[in-house]
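According to numbering that gives the first Met the number 0, the sequence shown is numbered sequentially starting from 0. Encoded as structure tokens, the structure appears first; notes follow it.
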Amino acid sequence: MAQTTRQPGGATALPKGFRGAELGWPQLRRIPHPPRRVPLLGDVLGVRPRTPIQDSMRIGAGLGPIFRRKAFGKEIVFVWGARLAGELADEARFAKHVGLGVANLRPMAGDGLFTAYNHEPNWQLAHDILAPGFSRDAMAGYHPLMLDAAGQLTDRWDAEAAAGRAVDVPGDMTKLTLETIARTGFGHDFGSFERTRPHPFVTAMVGTLSYAQRRNVVPPALAPVLLRGAERRNAADMAYLNRTVDEVVAARRAADASGAHGDLLDRMLEVAHPETGERLSAENIRRQVITFLVAGHETTSGALSFALHYLARDPGVLARARDEVDQVWGDAAPPAYEQVAKLRYVRRVLDESLRLWPTAPAFSREARDDTVLGGVHPMRRGAWAVVLAALLHRDPEVWGERPEEFDPDRFAPAAVRSRPAHVFKPFGTGARACIGRQFALHEATLVLALLLRRYDLRPEPDYRLRVGERLTLMPRGLRLRLTRRGVPGPSDGYARGA
Ligand code: HEM
0 MAQTTRQPGG ATALPKGFRG AELGWPQLRR IPHPPRRVPL LGDVLGVRPR
50 TPIQDSMRIG AGLGPIFRRK AFGKEIVFVW GARLAGELAD EARFAKHVGL
100 GVANLRPMAG DGLFTAYNHE PNWQLAHDIL APGFSRDAMA GYHPLMLDAA
150 GQLTDRWDAE AAAGRAVDVP GDMTKLTLET IARTGFGHDF GSFERTRPHP
200 FVTAMVGTLS YAQRRNVVPP ALAPVLLRGA ERRNAADMAY LNRTVDEVVA
250 ARRAADASGA HGDLLDRMLE VAHPETGERL SAENIRRQVI TFLVAGHETT
300 SGALSFALHY LARDPGVLAR ARDEVDQVWG DAAPPAYEQV AKLRYVRRVL
350 DESLRLWPTA PAFSREARDD TVLGGVHPMR RGAWAVVLAA LLHRDPEVWG
400 ERPEEFDPDR FAPAAVRSRP AHVFKPFGTG ARACIGRQFA LHEATLVLAL
450 LLRRYDLRPE PDYRLRVGER LTLMPRGLRL RLTRRGVPGP SDGYARGA
């Protein structure tokens with residue numbers, strides 16, 4: 000099952016691949032599991048394979064801050080209590096674990112930044128080369144391109160509003176965020192807004208993510224039989240993603256060898272490591288482009304969609320957020336880069352949406368050395384646990400008796416200061432936390448504010464939030480009705496791109 004690998008320097012790396020908790024947690028029996036365990040099969044009664052995260056949230060809320068689930072011989076430990084999750088965030092004792100869904104993405108994303116094992120040399124190399132692509136200066140450079148993509152969204156929404164049609168929120172947010180990362184990072188235009196259906200890149204990506212999620216719940220021995228059709232489709236999806244990425248890279252190489260764009264793709268192709276002079280290989284660049292195109296849009300799209308859902312159904316929150324936009328931006332046509340970070344309340348709306356539905360809802364941590372979690376659970380070196388951020392964000396000890404309630408003031412500065420560290424983790428933790436955090440927050444705050452300034456948002460009367468899962472979370476079937484606010488016209492603050 001588990002193999003131990005040698006690192007380039009000769010040190011022994013942690014074992015990789017799937018390791019059941021039986022091997023790493025000598026006192027596993029102290030950790031509760033669902034009561035009705037079926038011999039051989041495990042905790043399969045009442046399981047809904049398409050919503051594994053919400054299943055775990057339901058089960059975990061009943062079992063307590065640390066629990067385990069077993070399916071087809073795989074035993075997995077989950078942690079959601081704030082105190083234990085805080086320990087797992089200690090970088091001296093724990094590191095990212097590439098397991099479950101993340102490991103299932105390796106055939107697509109290989110040793111790209113998100114899926115790289117900690118010991119793989121390409122992680123540090125790519126991290127050091129790409130991190131400056133998320134500096135303040137770099138972000139200010141992306142801002143006009145973000146406005147352009149948002150302008151395409153509002154053109155579409157203006158037409159839908161004028162026609163009295165409800166808009167498909169997750170569908171359109173996905174178009175927007177794909178265009179944004181593709182143009183800012185890679186100078187590529189997918190033309191998503193010229194299409195009625197999702198771009199085939201998105202369809203292939205959703206296929207691959209859903210397949211990776213299914214691999215978690217199907218026993219490996221049965222996968223060749225149960226997933227035969229799905230495997231074929233997944234191979235076709237991956238081939239499509241690779242082809243698309245190769246075209247994007249080839250177009251850049253053909254267009255210009257001068258490196259004048261200064262975007263992520265230029266950094267990948269042109270920049271050498273500042274100390275070692277080493278460069279990313281062609282194969283690794285392919286992995287990084289796929290990684291950034293996928294990681295750079297799917298989760299932000301979900302975050303925007305959840306935030307719009309909560310705004311539309313809470314008139315008080317919506318009015319307060321809009322007042323802030325009107326006050327801070329006034330009629331200024333395209334808001335400047337610096338004006339986005341001033342929208343403190345809009346940002347709180349976003350944070351609160353990510354609290355309830357962190358769109359990357361879980362991440363895993365492994366012990367760097369033998370240790371004892373919470374003083375009672377011994378873990379061997381390499382043993383790992385899933386941090387269920389979606390439930391950590393509902394721990395009543397931290398978030399109060401009504402954690403389900405949407406209340407952006409939980410993120411007012413005094414409230415944030417009163418909470419312990421590591422209780423809000425939508426972007427993961429430590430050295431392997433999200434490199435695109437500032438990018439996502441800038442983009443999402445900007446877009447929410449543009450939409451608040453331009454439209455009245457109304458929910459569809461019968462809509463009840465349903466959350467779809469494909470490793471990431473997304474509201475299903477969310478549609479909103481819109482009316483243009485203010486006086487339309489090219490010279491006022493409500494015009495295109497404003
Ligand atoms: C709201 C939006 C986003 C959320 C919720 C999110 C969440 C996360 C989380 C939880 C991780 C850590 C995963 C783990 O520990 O296994 C992560 C890593 C990562 N994210 Fe994001 N992300 C978002 C947006 C972005 C954007 C916009 C980009 C790129 C432009 C991006 C690129 C990455 C990359 C490359 C990593 C791997 C970093 C590393 O291991 O060095 N993400 N993200």
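All C-beta atoms in this analysis are idealised placements derived from N, C-alpha and C, irrespective of residue type, glycine included.
Please tell me whether residue i and residue j are closer than 8 Å, where the distance is taken between their beta carbons.
i: His376; j: Arg29; result: yes
i: Gly41; j: Phe66; result: no
i: Leu447; j: Val348; result: yes
i: His421; j: Ala88; result: yes
i: Glu365; j: His96; result: yes
i: Trp383; j: Gly63; result: no
i: Leu112; j: Phe185; result: no
i: Met145; j: Glu442; result: yes
i: Leu387; j: Phe77; result: yes
i: Tyr239; j: Pro199; result: yes
i: Leu129; j: Thr114; result: no
i: Asp110; j: Asn121; result: yes
i: Asp245; j: Arg286; result: no
Just to confirm my understanding: we take residue i, look at its own chain, exclude 5 residues before and 5 after, and list those with CB closer than 8 Å. What are they?
i: Thr482; result: Ala160, Tyr454, Asp455 and Arg457
i: Arg484; result: Arg452, Arg453, Tyr454, Asp455 and Tyr493
i: Arg478; result: Ala165, Val166, Asp167, Val168, Glu459 and Tyr462
i: Gln26; result: Val375, His376 and Pro377
i: Met138; result: Tyr336, Gln437, Phe438 and His441
i: Gly476; result: Tyr462 and Arg465
Taking only heavy atoms of the ligand HEM into account, decide whether any of them is closer than 7 Å to the Cβ of residue i.
i: Leu208; result: no
i: Thr299; result: yes
i: Arg321; result: no
i: Thr243; result: no
i: Val46; result: no
i: Lys73; result: no
i: Val101; result: yes
i: Pro425; result: yes
i: Phe192; result: no
i: Arg214; result: no
Can you list, in chain order, the residues of its chain whose CB lies under 6 Å from that of residue i, leaving out five sequence neighbours each side?
i: Leu99; result: Asn215
i: Pro218; result: Phe71
i: Lys73; result: Gly19
i: Leu208; result: Arg469 and Leu470
i: Arg480; result: Ala165 and Arg457
i: Arg251; result: Leu264
So residue i and residue j are supposed to be a Cβ contact under 8 Å. How far apart are they, rounded?
i: Thr153; j: Thr298; result: The Cβ separation is near 22 Å, so there is no contact.
i: Leu498; j: Ala149; result: No answer is possible for residue 498: it lies beyond the span of the chain, which begins at 0 and ends at 497.
i: His272; j: Asp127; result: 6 Å
i: Val201; j: Thr173; result: 6 Å
i: Val324; j: Val345; result: 7 Å
i: Glu176; j: His296; result: Sequence check: residue 176 is Thr here, not Glu. At roughly 4 Å, the Cβ-Cβ gap stays under 8 Å, so Thr176 and His296 are in contact.
i: Leu279; j: Ala432; result: About 21 Å; that fails the 8 Å criterion.
Keeping to the same chain, check which residues put their C-beta closer than 7 Å to that of residue i; ignore five residues upstream and five downstream.
i: Pro341; result: Before going further, note that residue 341 is Lys rather than Pro in the sequence given. Here the set comprises Val327.
i: Arg35; result: Leu44
i: Pro489; result: Confidence at Pro489 is low in this model, with a pLDDT of 38, below 50, so the placement of that residue should be treated as unreliable; the coordinate-derived value is given next. Closer than 7 Å at the Cβ level, and outside the excluded window around Pro489, lies no residue.
i: Leu391; result: Trp79, Ala81, Ala84, Val422 and Lys424
Open item on the list: Runs of 4 residues minimum, wholly inside the stretch 121-163: which ones carry the alpha helix (DSSP H) assignment?
Closed with: 135-161
- [ ] Output the residue ranges of the alpha helix (DSSP H) runs that lie fully inside the stretch 210-298 and measure 4 residues or longer, sorted by chain position.
- [x] 222-225, 227-254, 263-269 and 281-294
- [ ] Ignoring anything shorter than 4 residues or poking outside the stretch 32-118, list the alpha helix (DSSP H) runs there in chain order.
- [x] 51-62, 81-87, 99-103 and 105-108
Task: Ordered list of beta strand (DSSP E) runs contained in the stretch 419-459, each at least 3 residues - done: 454-458
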